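These notes are about the structure you will find just below.
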Amino acid sequence: MTFRIAILGASGYTGAELVRLIATHPQMEIAALSADRKAGMEMAAVFPFLRHLDLPKLVKIDEVDFSRIDLCFCALPHATSQEVIAKLPRDLKIVDLSADFRLRDPAEYQKWYGQPHAAVELQKEAVYGLTEFYRDEIRKGRLIAGTGCNAATGQYALRPLIAAGVIDLDDIVIDLKAGVSGAGRSLKENLLHAELSGGTHSYSAGGKHRHLGEFDQEFSKLAGREVRVQFTPHLLPMNRGILATVYVKGDPAAVHRALEAAYAQETFLQVLPFGALPSTRDVAGSNYCHIGVTGDRIPGRAVVIAVLDNLTKGSSGQALQNANLTLGIEETTGLMLAPLFP
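Read in the UniProt record's numbering, the sequence shown has 205 at position 205, and its numbers run on one by one without any break.
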């Protein structure tokens, strides 16, 4: 069976990544692509790297015939998705890549995103889209809320450790480096080449980053008590990739064993031999996450390093993985492409 797919917000980075992945998916056909400012344009004009594909022209959202669509990906800006999704058919399967449905408590959404939740009733049916930990709910879900790319990376490093009780929950530090595509495709002065290249800077330090809302929600739920982590992201002058260095108190060997046990059967989550550490170049353009563990010179402390591609495993690849589940397709379909190297 072939499923007809719509991608809303196809002129952004995550939209283009979805097109790249779905183009070779054996059970999906791209039936509609939407954009706002670029409506009326061909995708080949917006993204020349896709010019070999026969794709529908970009249109406004209200021009899409959703009665002919089996599943819709929403790759729209934060706050826009709530308004758009609320107007879509209630029987349409939706995978949202924005932050609009990630936080279960509308009050937490307002706290972190600075405005009231505009679709509270829809929030009640949204399933958190961290695939490996919410498979059963995603299979049965209609509205899947994709995670933040930073939040996914930190959770892959920490969830098995919290569940196994092998670390001190009151002393967790996440130091994260991210590529510039995670900031989206909109023009921003601080992302100009002359402003960004040749340097690195932290941002949203001191507990201000929005993805902390996801860490608080997921880690506290998992632990059955409040868990608050220290988290500082940094922007690197590279296009793709996230590297999270996570500092924890716990026996390094036990930390490694917990991760190995948790991910032994997971296709896309690869735990390296103890002491081996991953690089963002190892996963570029792929749906894989690599995780390494080493000890520290201070006894009883461990360092966990997790890497993934923010546009693939951190966003569009995760979205396709979730779409496969909710449509009853083999989960890995369309996602087994090897990382790009060099």
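The beta carbon of each residue, even a glycine, is placed where N, CA and C say it ideally should be. Quick caveat, the model's predicted, so the values are computed rather than measured.
Item checked: CA-to-CA distance, R159 to D251, given in whole angstroms -> Cα to Cα, the separation comes out at about 16 Å.
Note to self: To the nearest angstrom, how far is the alpha carbon of A86 from that of A244?
What the structure shows: Between A86 and A244, the C-alpha separation is close to 34 Å.
Next item on the list: Throw me the rounded Cβ distance for the T326 and I138 pair, which I believe falls under 8 Å.
Entry: 6 Å
Next item on the list: Measure the C-alpha to C-alpha separation of residue 346 and Y247 and round it to an integer number of angstroms.
Entry: Because residue 346 is not part of the residues shown, which for the chain are 1 to 342, the question remains open.
Notebook entry, point to check: By how many angstroms is the C-alpha of Q321 removed from the C-alpha of R102?
Noted result: 17 Å
Check: Which first and last residues belong to the beta strand (DSSP E) in which R301 is found?
Finding: R301 to L308
Next item on the list: Compute the Euclidean distance between the alpha carbons of H78 and S98, then round it to the nearest angstrom.
Entry: A direct Cα-Cα distance of roughly 5 Å separates H78 from S98.
Margin query: Please classify T332 as buried or exposed, where buried requires at least 16 neighbouring CB atoms within 10 angstroms.
Written below: Looking at its Cβ environment, which holds fewer than 16 other Cβ atoms inside 10 Å, T332 is exposed.
Note to self: Contact criterion: CB-CB distance below 7 Å. Does F49 meet it with respect to chain D?
What the structure shows: Absence of chain D from the displayed structure is noted, only one protein chain being present.
Item checked: Residue from Q82, A45, V46 and A35 whose Cα sits closest to the Cα of K60 -> Taking each of Q82, A45, V46 and A35 in turn and checking the Cα distance to K60, the smallest one comes out for A35.
Next item on the list: Identify which residue in H290, K249, R240 and L235 has its Cα closest to the Cα of E260.
Entry: Relative to the Cα of E260, the nearest Cα in the group H290, K249, R240 and L235 belongs to H290.
Next item on the list: Please name the residue or residues paired with C289 in a DSSP beta bridge.
Entry: In the DSSP output, where bridge partners are listed per residue, C289 has L269 and L308.
Item checked: Proximity below 7 Å, CB of A32 to CB of V84 -> No, they are not a contact pair.
Check: Looking only at its own chain, which residues have a Cβ that is under 7 Å from the Cβ of A157, when we skip the five neighbours before and after it?
Finding: A244, V246, I291, V304 and A306
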